[in-house]
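Taking it in order: structure first as structure tokens, then the write-up.
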Amino acid sequence: MSVAMNSNVHRATGDIAKVPKSTLPLICFRDGSPPLPDVNSSLMDSVLVSLYNGSFKGIEALQSSEQCYPMQKIFTVKLTNEQISPGVWYFGLFNGIGPTRTQSKMINRAPAYSFSANITVEGCTTLTTWGPDCNQTINPLSCALSDSYSPADNSSEAGFNNQTIEYVISCKNNFDTSCHRDGEPKFYSLDVVGVSQELKIVAIDVWLNETSSNKTKNASGVNLICFARHGAIPSETVHDYSSNINKSPIVIPFPKVGRWYITILPVNLSKELGGSSDTDMKVCCIMESKLLECPVGKAGANCTREMYNLQTALRKGSGYFESYYLPVSEKVSPDSANFPLDSLLTNSSLHGEPDETWTYFILDIPRGAAGGNIHIRLASDAKINYEVYARFGGLPSLTSWDYYFANKTSSSVGSMFFNLYNSSENKVDFYILYIREGTWGFGLRHLNTTSGVSKFQTTMSISLERCPRRCSSHGRCDTSLDVSGLTTYSYCSCDRDHGGFDCSIELVSHHGHVWQSIFLIASNAAAALPAFWALRQKALAEWIIFTSSGIASGIYHACDVGTWCPLGFGVLQFMDFWLSFMAVVSTFVYLGTLDEGLKRAVHTAVAILTALMAYTKATRPANIILVMAIGTVALLIGWLVELSTKCRSFSFSIRFSLNTHERLQAVRGWLKNLFKTIVRRFRWGFVLAGVTVLAMAVISWILESSESYWVWHSIWHITIYTSSFFFLCSKASTASTVDMENQTLPNGAYELTRQDSFPRGQ
Numbered sequence: 001m002s003v004a005m006n007s008n009v010h011r012a013t014g015d016i017a018k019v020p021k022s023t024l025p026l027i028c029f030r031d032g033s034p035p036l037p038d039v040n041s042s043l044m045d046s047v048l049v050s051l052y053n054g055s056f057k058g059i060e061a062l063q064s065s066e067q068c069y070p071m072q073k074i075f076t077v078k079l080t081n082e083q084i085s086p087g088v089w090y091f092g093l094f095n096g097i098g099p100t101r102t103q104s105k106m107i108n109r110a111p112a113y114s115f116s117a118n119i120t121v122e123g124c125t126t127l128t129t130w131g132p133d134c135n136q137t138i139n140p141l142s143c144a145l146s147d148s149y150s151p152a153d154n155s156s157e158a159g160f161n162n163q164t165i166e167y168v169i170s171c172k173n174n175f176d177t178s179c180h181r182d183g184e185p186k187f188y189s190l191d192v193v194g195v196s197q198e199l200k201i202v203a204i205d206v207w208l209n210e211t212s213s214n215k216t217k218n219a220s221g222v223n224l225i226c227f228a229r230h231g232a233i234p235s236e237t238v239h240d241y242s243s244n245i246n247k248s249p250i251v252i253p254f255p256k257v258g259r260w261y262i263t264i265l266p267v268n269l270s271k272e273l274g275g276s277s278d279t280d281m282k283v284c285c286i287m288e289s290k291l292l293e294c295p296v297g298k299a300g301a302n303c304t305r306e307m308y309n310l311q312t313a314l315r316k317g318s319g320y321f322e323s324y325y326l327p328v329s330e331k332v333s334p335d336s337a338n339f340p341l342d343s344l345l346t347n348s349s350l351h352g353e354p355d356e357t358w359t360y361f362i363l364d365i366p367r368g369a370a371g372g373n374i375h376i377r378l379a380s381d382a383k384i385n386y387e388v389y390a391r392f393g394g395l396p397s398l399t400s401w402d403y404y405f406a407n408k409t410s411s412s413v414g415s416m417f418f419n420l421y422n423s424s425e426n427k428v429d430f431y432i433l434y435i436r437e438g439t440w441g442f443g444l445r446h447l448n449t450t451s452g453v454s455k456f457q458t459t460m461s462i463s464l465e466r467c468p469r470r471c472s473s474h475g476r477c478d479t480s481l482d483v484s485g486l487t488t489y490s491y492c493s494c495d496r497d498h499g500g501f502d503c504s505i506e507l508v509s510h511h512g513h514v515w516q517s518i519f520l521i522a523s524n525a526a527a528a529l530p531a532f533w534a535l536r537q538k539a540l541a542e543w544i545i546f547t548s549s550g551i552a553s554g555i556y557h558a559c560d561v562g563t564w565c566p567l568g569f570g571v572l573q574f575m576d577f578w579l580s581f582m583a584v585v586s587t588f589v590y591l592g593t594l595d596e597g598l599k600r601a602v603h604t605a606v607a608i609l610t611a612l613m614a615y616t617k618a619t620r621p622a623n624i625i626l627v628m629a630i631g632t633v634a635l636l637i638g639w640l641v642e643l644s645t646k647c648r649s650f651s652f653s654i655r656f657s658l659n660t661h662e663r664l665q666a667v668r669g670w671l672k673n674l675f676k677t678i679v680r681r682f683r684w685g686f687v688l689a690g691v692t693v694l695a696m697a698v699i700s701w702i703l704e705s706s707e708s709y710w711v712w713h714s715i716w717h718i719t720i721y722t723s724s725f726f727f728l729c730s731k732a733s734t735a736s737t738v739d740m741e742n743q744t745l746p747n748g749a750y751e752l753t754r755q756d757s758f759p760r761g762q
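Sequential numbering from 1 applies to the sequence shown in the UniProt record's numbering.
Okay, here's the thing in structure tokens:
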């Protein structure tokens with residue numbers, strides 16, 4: 001499988017360690033169910049795999065755990081059949097991990113990334129071939145039910161005196177005998193279709209065969225190495241079990257459901273032949289696999305432990321795949337999600353050591369439910385004397401499990417997908433997150449059991465839920481489909497004060513939320529400053545805009561923090577951003593010297609443009625630059641109109657002076673007067689104050705983050721309105737900016753204005 005991905009992430013390899021995990025874009029892989037990298041903050045560093053020279057290491061462990069990699073501009077991974085197994089694989093892209101305050105629907109300052117990917121899976125057209133060129137054969141073993149037998153018939157189990165009968169499924173190669181040259185491997189496959197007690201791989205009648213002379217020799221000393229692996233081709237370096245089956249068989253207790261692959265490899269035949277290098281010499285054997293199964297309702301050692309299949313019971317009014325599981329037994333009532341354990345447990349007085357007494361439960365997770373969570377609870381009036389073990393694909397044991405809980409200090413808390421909640425001596429409560437599809441086995445190990453019946457009852461419940469703990473009552477459980485549309489997965493959309501995958505992490509206290517809401521809403525009162533000044537100057541259009549902007553922003557933030565929503569959130573957001581855009585542009589228009597007719601035209605055009613910006617994508621950060629650009633253009637239009645009038649009068653006056661020196665003097669005089677007009681046009685102390693406060697507004701905008709949003713955005717409200725107030729105050733009165741009338745130019749020339757006229761005879 002090859003994965004090639006391009007993205008717009010620009011980060012050097014050396015910079016990855018310096019980037020906080022909350023802002024680091026990641027790609028995660030997981031076999032069997034969706035990845036979830038930020039469940040346990042202490043595991044984030046262990047899940048993240050380092051990048052070396054553009055290639056990724058450690059990916060051979062993908063079968064057993066989730067692994068995440070920092071996104072790069074160009075990301076490529078190539079996995080061989082030794083690194084992956086058949087089944088459903090999930091890829092997840094995360095723009096940072098860890099609990100984050102979402103601040104409801106307000107603007108998010110975090111960067112967004114885009115990507116494109118190409119995933120190619122190459123395989124052989126038939127299941128009986130493999131290899132890069134599909135030229136290596138996999139021999140499927142054909143299975144048949146043999147006669148049942150008692151464990152006492154097996155010498156390895158002769159110490160047990162029990163009459164329970166086990167069923168044996170014998171699997172052999174169709175050609176019975178298989179011959180190998182030195183170092184020549186052969187491959188076999190075996191399907192385990194149900195929960196089994198044991199899988200044993202043995203070699204029968206091993207001998208040496210010399211093809212040229214057709215002679216056979218005893219091969220008791222030949223090393224016939226066997227490798228076994230679940231789901232993928234085994235090799236010398238990657239395998240689940242191995243043994244020299246010419247000496248002792250491979251015994252796999254509680255083999256996983258699915259396809260097992262077996263590799264037989266003769267080693268050092270020449271040593272057995274006394275150093276001979278005869279290439280015609282082969283080692284031959286009959287390879288046989290025996291699959292031991294227990295009768296219905298039995299499992300464990302000698303098939304003496306109780307085992308129950310769990311049936312699904314749907315919850316009324318529940319979401320996708322939400323259900324609880326009950327044992328198929330007359331001892332359990334179907335009316336409750338909790339079932340009593342005491343009547344179901346294996347009787348420890350009949351089966352050896354008390355601490356080795358187990359009771360098993362088997363359930364199936366349906367296809368498409370991999371985005372759900374298994375919830376397991378035990379409750380008792382006394383101390384709980386059970387350990388819980390869970391395993392995918394087969395029954396668990398003390399040496400083979402995926403998740404377990406023994407007590408509060410001994411459990412799978414270090415696992416990525418195991419989450420323990422309020423557990424005590426008489427209560428056990430944990431989740432297995434994003435459970436894999438397929439068969440799961442659960443085992444209860446009894447501790448300090450006695451033959452007497454306990455007077456305290458213990459109940460157990462196993463359920464499939466969409467979101468852990470219903471998002472801890474601090475969020476909403478949302479369900480989505482993965483991109484393929486074949487699997488549903490659920491996640492918590494937390495409220496404004498909580499975070500984490502289950503909304504259990506309090507990011508802001510209730511008291512803090514109240515004060516932050518007050519700051520965000522009350523800070524809009526700063527709009528009264530520019531509104532008051534505009535009203536005092538009788539600039540009624542600007543007064544209405546600033547007043548409306550402050551009120552709209554206050555109501556919008558009141559709705560955003562969950563206080564009051566008189567209108568829909570979308571309407572309030574549009575009004576807030578649109579009037580804010582209008583307030584900024586109106587400040588520029590006010591500073592210009594436009595007549596009323598042109599000012600109304602500019603206001604109309606600006607209202608249309610800003611309304612489109614607020615309606616299409618109001619929270620786009622580039623809108624700030626666009627609004628500032630529109631305001632600057634409006635101010636320049638006003639100045640250009642005034643300057644064009646001055647230029648016409650100036651060009652008319654200099655035509656009466658044909659002397660070059662006089663024309664230069666006239667230009668200098670006009671520029672001097674223009675400079676004086678600009679200086680007298682503004683109160684520069686207010687301009688400096690406005691620029692300073694505007695710089696503070698820009699800094700507060702840059703410093704905003706999901707954690708500090710409320711304080712910096714409140715400062716943004718105050719500074720942006722205060723800067724508008726200073727800029728409005730910086731405009732001098734009209735009387736102080738009237739151009740100097742009839743100013744004398746060199747050699748008796750005059751600068752003519754619209755009020756000038758030539759005396760008769762001049």
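Note that beta-carbon positions come from the ideal geometry of N, C-alpha and C, so glycine has one too.
Judged by beta-carbon spacing, residue 627 lies within the 8 angstroms limit of residue 581, meaning their Cβ atoms are closer than that value. A straight-line Cα-Cα distance of about 19 angstroms links residue 196 and residue 356. The Cβ atoms of residue 503 and residue 463 lie no closer than 8 angstroms to each other. For residue 261, the secondary structure class from DSSP, reduced to helix, strand or coil, is strand. For the region 207-251, the full-length beta strand (DSSP E) segments reaching 3 residues or more read 215-218, 223-230 and 241-244 along the chain.
Here residue 562 has 496 as same chain residues with Cβ atoms under 7 angstroms from its own Cβ, once five neighbours each way along the sequence are excluded. Between residue 416 and residue 66 the beta-carbon gap is near 6 angstroms, inside 8 angstroms, which marks them as a contact. Inclusion of residue 445 and residue 389 in the CB contact set at 8 angstroms is warranted, their separation being smaller than that value. If you keep only unbroken alpha helix (DSSP H) runs of at least 4 residues inside the region 485-529, you get 510-522. In the structure shown, residue 10 falls within a coil segment according to DSSP collapsed to helix, strand and coil. Within the region 408-445, the complete beta strand (DSSP E) segments of 3 residues or longer fall at 418-420 and 427-432, listed in chain order. Annotation for residue 117: the continuous beta strand (DSSP E) segment containing it runs 115-120.
Under DSSP, residue 187 forms a beta bridge with 138 and 263. Residue 393 is not a Cβ neighbour of residue 319, given a cutoff of 8 angstroms. The secondary-structure analysis by DSSP pairs residue 481 across a beta bridge with 488. Shortest Cα-Cα distance from residue 208 to any of 246, 369, 672 and 693 involves 246. In the DSSP assignment, the residues bridged to residue 373 are 465.
Taking the CA atoms as reference points, residue 430 sits about 34 angstroms from residue 166. Taking a cut-off of 8 angstroms for Cβ pairs, the region 330-349 and the region 478-489 do not touch, as fewer than three such pairs fall below it. Excluding its 5 nearest sequence neighbours in each direction, residue 559 has C-beta neighbours in its own chain below 7 angstroms: 565, 569 and 572, listed in chain order. C-alpha of residue 25 to C-alpha of residue 95: approximately 4 angstroms in a straight line. For residue 331, no pairing in a beta bridge is given by DSSP.
Contact between the region 255-272 and the region 409-427 is absent, with fewer than three C-beta pairs closer than 8 angstroms. In summary, residue 222 is buried, with 16 or more beta-carbon neighbours lying within 10 Å of its beta-carbon over all protein chains present. If the five residues before and after residue 501 are omitted, its C-beta is found closer than 6 angstroms to the C-beta atoms of 39, all from its own chain and listed in chain order. Excluding five sequence positions before and after residue 639, the CB atoms of its chain that fall closer than 8 angstroms to its own CB belong to 592 and 593, given in chain order. Note on geometry: alpha-carbon atoms of residue 441 and residue 315 lie some 22 angstroms from one another. Between residue 178 and residue 281, the C-beta gap is not smaller than 8 angstroms, which leaves the two residues out of contact. DSSP places residue 256 in the coil class of the three-state scheme, outside both helix and strand. Note that the C-beta distance between residue 338 and residue 458 is not below 8 angstroms. A Cβ-Cβ separation of about 7 angstroms places residue 256 in contact with residue 192 under the 8 angstroms criterion.
With respect to the C-alpha of residue 92, the residue from 132, 233 and 483 having the closest C-alpha is 483. For residue 76, the beta-bridge partners assigned by DSSP are 4.
Counting the other Cβ atoms within 10 Å of the Cβ of residue 36 gives 16 or more, which makes it buried. If you check the CB distance, residue 551 and residue 602 do not come in under 8 angstroms. Around residue 609, the same chain offers no residue with a beta carbon nearer than 6 angstroms, after the five sequence neighbours per side are excluded.
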